[in-house]
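Numbering (the working numbering), first residue to last: 216 to 382.
Here you go:
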């Protein structure tokens with residue numbers, strides 16, 4: 216834990232540190248606690264679902280897909296990964312009858328859980344914590360915007376893409 220903390224501090228204070236560095240470092244911090252974070256996320260998610268009348272069944276496949284997707288979001292070795300995940304997420308949400316607002320709410324619940332973990336689970340200097348939170352919010356906004364854009368674009372139905380008005 217101390218080594219991960221020190222690595223974050225050193226990398227965040229480099230002059231060339233950027234959002235991608237911060238996201239990879241956040242993933243290194245939270246991945247060992249991923250199961251706990253998912254449980255906290257699902258507890259918050261249940262409250263949103265009760266008000267929206269929609270339920271997510273968190274089986275092992277769901278956890279694995281969530282882990283893989285978030286790892287790709289946080290550790291963006293290939294920026295194109297985000298664009299391959301996003302259409303699939305938009306299509307699956309629309310097929311399940313989930314409104315885009317529920318996707319956005321769910322994503323930001325997870326961002327809140329991760330931000331809380333960063334603030335409370337690690338002893339980070341305030342300026343480092345602020346940089347990590349800023350990077351987290353930026354990446355979340357980009358991912359949500361990309362996914363929602365796929366839901367609003369009328370594409371060729373023969374390719375199985377989502378059509379306008381279905382998300």
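Every residue gets a Cβ at the ideal spot worked out from N, C-alpha and C, and that includes glycine. Note that this is a predicted model, so its numbers are computed, not measured.
Burial check for residue 276: the Cβ neighbour count within 10 Å stays below 16, so the residue is exposed. In this structure, the alpha-carbon of residue 252 lies about 10 Å from that of residue 326.
Less than 7 Å separates the beta-carbon of residue 288 from that of residue 358. Restricting attention to 290, 318, 281, the CA atom closest to the CA of residue 242 is found in 290.
Contact annotation: residue 237 and residue 334 have beta-carbon atoms that are not nearer than 7 Å. At a Cβ-Cβ threshold of 7 Å, residue 328 and residue 256 count as neighbours.
For residue 282, same chain residues with a beta-carbon under 7 Å away, outside a window of 5 residues either side, are 249 in chain order. Closest by C-alpha distance to residue 356, out of 324, 342, 310, 247, is 324. For residue 290, the secondary structure class from DSSP, reduced to helix, strand or coil, is coil.
Counting only the Cα atoms, residue 218 lies some 43 Å from residue 309. For residue 347, the three-state secondary structure derived from DSSP is helix. CA-CA distance, residue 240 to residue 344, rounds to 12 Å. Under the three-state reduction of DSSP, residue 240 is assigned to helix.
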